[in-house]
Amino acid sequence: MTTPAKEPKPKQLIVDPKRALMYVRWQDDHESLIPLHVVREACPCAFCEQARRRLAQGEPDETFSRASIEPTAVSEAGNYALHIYWADGHSGGYYTWSLLRSLCPCEACQASRS
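In structure tokens form, the structure reads like this:
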């Protein structure tokens, strides 16, 4: 479990719906460029967890359709997470800074997770 002192925090966060990307510059100056479909598919809410299970079992599910990856609003949730409202009406998940950092697709982050 991450302790609050080690919790990654962003210095800058930009959501670019036109490019379908989230840019995060972290306090340690690491930069993450995360595709929005990756962020949407990682939604930690119970509804999305069930959708991931259905997809893993080969069942059809439209939860993560192309239309669902456009954010309509983004706000901080306290000092620990991001709350994203998606174009499909979904807004149940709170993306903690740790979760967002774990989504960084760069080679260094992928290697550290291996």
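Counting along the sequence shown from 1, when you hit position 86 you're at 535 in this note's numbering, and nothing is skipped either side.
For each residue, glycine too, the CB sits at the ideal point set by N, CA and C.
Note that the structure is predicted; figures quoted are calculated from it, not measured.
Check                                                                                                                                                               : Outcome
Using CA atoms only, rank isn't needed, just tell me which of Tyr529, Leu531, Ala522 and Ser551 is closest to proline 466.                                          : Ala522
Per the DSSP calculation, leucine 548 is bridged to which residue(s)?                                                                                               : According to DSSP, which records beta bridges pairwise, leucine 548 is partnered with nothing at all.
Where does the unbroken alpha helix (DSSP H) through glutamate 498 begin, and where does it stop?                                                                   : 495-505
Tell me which residues share the same chain as threonine 545 and place their Cβ nearer than 7 Å to its Cβ, disregarding the 5 neighbours each side in the sequence. : Tyr529 and Ala530
Helix or strand or just coil, what does DSSP make of glutamate 480?                                                                                                 : strand
Which residue comes first and which comes last in the beta strand (DSSP E) that contains histidine 532?                                                             : 530-535
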